[in-house]
Amino acid sequence: MPRPGRVRTRRGFPESRRTRIGARIRWAGGQGGDVALAATGIIFRREFNAYLRSPMGYIVAAVVLLIDGILFYVMALNPPDGELLLSGQALGRFLYIASGMTAIAAVALSIRLVAEERQTGTLLLLDTSPVRDWEILLGKFLSALAFLSLITVATLYMPMLILVNGKISVGHILIGYLGLTLLGGTVLAIGLFATALTRHQLVAAAVASLITGTLFLLWPLAQMVGPPFGRFFAALTIHGRHWVGFEVGTLHLRDVVYYLAMTYFFLFAATKVMEAKRWE
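With the first letter of the sequence shown counted as 1, position 105 gets the number 1281 in the numbering used here; the numbers rise by one all the way through.
Below is the structure:
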C-alpha cells in the first residue's frame, strides 16, 4: 500500500520521482529561457553526475589509462623491434594507440545511456515529461562526450613526455587531441543509436561494436579492392583516411566535416528510433 504523500501512477512509479525529472524541466523552460536548452542542460547534468557516481565510469577510465600507458611505453618509447623513432613518429604512434582505446571507451560509456533507462523504467518518466526525444539524446550524448573528454585529457602527460624530451609542436598535440574528440564523439553517437534499439546493454554493446568495427575495417578493405569500391569504402571508413591527418598533425576540413556528419547521422537515427519506440 503506497505511503501517504507518494501517489503512484498507473505505471507504478511514485509521482515524486516524476516531479524530479519532469517538473524541473517545466520550471526551467517557464522562466522565459530557451526550453530546449534548459531541458538538454538538465539531462546533461543528470547523466554526467551519474557517471561520477557510478563505478562503471571510473572502471572505464582506469582501464583506458592503464592500457594507454602500457602501450605508450612499449610501442612509442621502447619499440620491441629496437626501432629509433623521431619525436613526431612517437607522438603519431601514441595517437594511433589512443584512437583505438578512445573508440573502445566510447562504446563502453554509451551502451547504458538508454538501455539502462528502459531496464529501470525511468525512461517512461522522461516520456511523460515535456521534453522531446532529441533533447534527451543530446543531453545524454554531451554528458558522455564530456566524461570521455576528461579521460582523454588525463592522457596528456604522455605526449608531454615526448614534448619535454624531444622536438614536437604543440599544434601536433592539439590537432591529435581534436581528432580523438571527434572520433570519440562519432563512436558515442553510434553507441547511442545502438542503445536506443534495445533494453539490453549487452545487445547494445554487440551492435555498437559491430558497427564501429565494420567502419574501422573499411579502411584495410579499401586498400585491398580496386576502384570504384575502394574509394567508396575509404570515404566511409571511420579510421584510416579520415584519421591519418590528425595522427601526423595535419588538419583537413574534410575530415572534421566527415566526423561531424557521421555523428549527426547516428544521433538523428537514434532520435528516430526513440520516436518509433515511444508509440509502440
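All C-beta atoms in this analysis are idealised placements derived from N, C-alpha and C, irrespective of residue type, glycine included.
Backbone secondary structure at R1229 - three-state DSSP = helix
Out of curiosity, what's the CA-to-CA distance linking L1241 and G1360?
-> 15 Å
Rounded to whole angstroms, what's the CA-CA distance from L1368 to L1213? Just pull it up for me.
-> 20 Å
Under a three-way DSSP split, which group does N1254 fall into?
-> coil
For L1412, collect the residues of the same chain with a Cβ closer than 6 Å to its Cβ; drop the 5 residues on either side in sequence, then sort them by chain order.
-> L1394
Three or more C-beta pairs closer than 8 Å, one from the segment 1419-1427 and one from the segment 1338-1352: is that the case here?
-> yes
Alpha-carbon to alpha-carbon, G1217 and G1315 = 6 Å
Limits of the alpha helix (DSSP H) - the one that Y1353 falls within | 1346-1373
According to DSSP, is R1288 helix, strand or coil?
-> coil
Please classify R1454: does DSSP put it in a helix, a strand, or coil?
-> helix
To the nearest angstrom, how far is it from the Cα of V1250 to the Cα of V1307?
-> 48 Å
When you compare only the Cα positions, how much space is there between D1431 and S1286?
-> 23 Å
Ignore the nearest five residues each way along the sequence and tell me which others in F1248's own chain have a CB closer than 6 Å to its CB.
-> F1270, M1334
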